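J.:
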Amino acid sequence: MGTETLAIGSGRMFRYAFGSLLLLAGMTLLVAHGLEWLNLEPKLSRALQGGAICALGTALGAVPVLVIRNMPQALGDTLLGFGAGVMLAATAFSLIVPGIAAAESLGLSPWGASGLICFGIMLGAFALYLVDRRLSGASPEMLIGTVEHPVIPPRIWLFVFAIIAHNIPEGMAVGVSAGGGMPDADSLAMGIALQDVPEGLVIALVLAGAGMSRVRAFLIGAASGLVEPVFALLCAWLVSLAELLLPLGLALAAGAMLLVVTHEVIPESRRNGHDKLASLGLLIGFCLMMVMDTALG
121 MGTETLAIGS
131 GRMFRYAFGS
141 LLLLAGMTLL
151 VAHGLEWLNL
161 EPKLSRALQG
171 GAICALGTAL
181 GAVPVLVIRN
191 MPQALGDTLL
201 GFGAGVMLAA
211 TAFSLIVPGI
221 AAAESLGLSP
231 WGASGLICFG
241 IMLGAFALYL
251 VDRRLSGASP
261 EMLIGTVEHP
271 VIPPRIWLFV
281 FAIIAHNIPE
291 GMAVGVSAGG
301 GMPDADSLAM
311 GIALQDVPEG
321 LVIALVLAGA
331 GMSRVRAFLI
341 GAASGLVEPV
351 FALLCAWLVS
361 LAELLLPLGL
371 ALAAGAMLLV
381 VTHEVIPESR
391 RNGHDKLASL
401 GLLIGFCLMM
411 VMDTALG
């Protein structure tokens, strides 16, 4: 009887997962037609499309939680390393190098362009540091409303909200790149979407492992990437207002992403002792994103 019940439950979860994939595919088509109906300026439309692709990557990553409850720690750390490699390559080849070129096109000398980018990197990292510090010091009541009968431990919510906050610089990077008409904006969006897949999975698995229902964990994991199209559109609009905002915006996004990778992602990938696998994942992710930016971008 127990085996039969388990089989029925597994079949139901499989149907949930398959139905979720169909729902995501339908929503993707609906969003695509909606963007055409909005008739936005091409650069804004490109930014919104890139942000939507990133959000879709996060949502796709959350789907497996409907079928599996736990993921091998070694695989999770490898995926985190892979995401770190993708973000490092995207920072270098899609943000910093184009940012220096954009600054030089405004008439700045190589020293001046590099100085502007360095200033933007430090400012972006400092701004995200302040956000992260504010988030880490938030009370549980601010995050979950009440702690009288908590279902999920506050530390779990802190982790989830931290990942959501770290999606903001990714949306910024997509928006600035698309709003500035950068040729590799599409490959940047695809690379970020690729590394968003394990993030969505990690959020959903952490919530499910803490006792939340699989369906609710999937919904929260899928929704965690929605900040990316919002910030992509906002940053694309801001960049269109002034030429100087393009290199500065690229540098701000680069600084924020560098802080995320070095302060959060890489240490987390090595926390459980799988250093070699995390490093291998980082190298593969870096090389893949470098190819997407240079050979395919």
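In terms of this note's numbering, the sequence shown opens at residue 121 and continues consecutively.
Where is the CB? At the ideal position from N, CA and C, for every residue including glycine.
From a predicted model like this one, the values you see are computed outputs, not experimental measurements.
(1) In its own chain, which residues sit with a C-beta less than 6 angstroms from the C-beta of R334, not counting the 5 before and 5 after it?
(2) Helix, strand or coil: how does DSSP classify I225 here?
(3) Between which residues of its own chain and V206 is the CB-CB distance below 8 angstroms, once the five residues before and five after are set aside?
(4) Who are the Cβ neighbours of A337 in its own chain at under 6 angstroms, not counting the five residues just before and after it?
(5) Note down the Cα distance separating G244 from A373, rounded to an integer number of angstroms.
(6) For I220, which option in G177, L339 and M302 has the closest C-alpha, if you only look at C-alpha atoms?
(7) Could you pull the start and end residues of the alpha helix (DSSP H) that S399 belongs to?
(8) According to DSSP, simplified to helix, strand and coil, what is R166?
(9) Hey, which unbroken runs of the beta strand (DSSP E) at 3 residues or more fall wholly within the stretch 333 to 373?
(10) At a cut-off of 8 angstroms, would you count S214 as near the ligand COA, judging by its Cβ distance to the nearest heavy atom?
(11) In the stretch 174 to 249, which residue ranges form an unbroken alpha helix (DSSP H) of at least 4 residues, counting only runs that do not cross its ends?
(12) Round the Cβ separation of A352 and G291 to the nearest angstrom and send it over; I've been treating them as touching at under 8 angstroms.
(13) Compute the beta-carbon to beta-carbon distance between T198 and L397, rounded to the nearest angstrom, for a pair I have assumed lies under 8 angstroms.
(14) Could you check the C-alpha separation between L195 and G295 for me, to the nearest Å?
(15) Do you know whose CA, among R254, A247, A233 and V183, lies nearest P367's CA?
(16) Nearest to G300 by alpha carbon, out of M412, A209 and L370?
(17) Who are the near neighbours of L402 in its chain, counting only those whose CB is closer than 8 angstroms to its CB and skipping five residues on each side?
(18) Please name the residue, chosen from L250, A356 and A223, that lies closest to F239 on a Cα-to-Cα basis.
(19) What are the uninterrupted segments assigned as alpha helix (DSSP H) that are 4 or more residues long and contained completely in the stretch 303 to 330, given in chain order?
(20) Taking all protein chains shown into account, do 16 or more other C-beta atoms lie within 10 angstroms of the C-beta of Q193, making it buried, or fewer, making it exposed?
(21) Only counting the same chain, and skipping five residues up and downstream in sequence, which positions put a Cβ closer than 8 angstroms to that of H394?
(22) By a C-beta neighbour count over all protein chains shown, 10 Å radius and 16 as the cutoff for buried, is F246 buried or exposed?
(23) What does the Cβ neighbour count give for A362, buried or exposed, with the cut at 16 atoms within 10 Å?
(24) Taking A342 as the reference, which of T178, G171 and A167 has the closest Cα?
(25) To the nearest angstrom, how far is the alpha carbon of P419 from that of L308?
(26) Could you have a look at G299 and say whether DSSP puts it in helix, strand or coil?
(27) Between V411 and chain C, is there a C-beta pair that is closer than 9 angstroms?
(28) Identify whether N392 lies in helix, strand or coil by the three-state DSSP scheme.
T.: Straight from the coordinates:
(1) V185, L186 and A328
(2) A small correction: the amino acid at residue 225 is Ser; Ile does not occupy that position in the sequence shown. Looking at S225 - three-state DSSP - the assignment turns out to be helix.
(3) G311, I312, L314, Q315, G405, F406, L408 and M409
(4) If you ignore the 5 residues before and after A337, its C-beta comes within less than 6 angstroms of the C-beta of V185, A324, L327 and A328, all in its own chain and listed in chain order.
(5) Roughly 6 angstroms between the two C-alpha positions.
(6) The shortest Cα separation from I220 among G177, L339 and M302 belongs to M302.
(7) D395 to T414
(8) helix
(9) none
(10) Looking at this structure, you won't find the ligand COA or any other ligand, since it has none at all.
(11) 193 to 209 and 217 to 225
(12) 4 angstroms
(13) 5 angstroms
(14) Cα to Cα, L195 sits roughly 31 angstroms from G295.
(15) A233
(16) Closest by alpha carbon: L370.
(17) Setting aside the 5 residues that flank it on each side, L402 is surrounded in the same chain by G201, F202, A204, G205, L208, I386 and S389, each with a C-beta closer than 8 angstroms to its C-beta; the list follows chain order.
(18) A223
(19) 305 to 329
(20) exposed
(21) So the list reads Q193, A194, D197 and T198, once near-sequence residues are dropped.
(22) exposed
(23) exposed
(24) That would be T178, whose Cα lies nearest to the Cα of A342.
(25) An answer regarding residue 419 cannot be provided, because it is not within the stretch 121 to 417 covered by the chain.
(26) helix
(27) Among the chains of the structure shown, chain C does not appear; only one protein chain is present.
(28) coil
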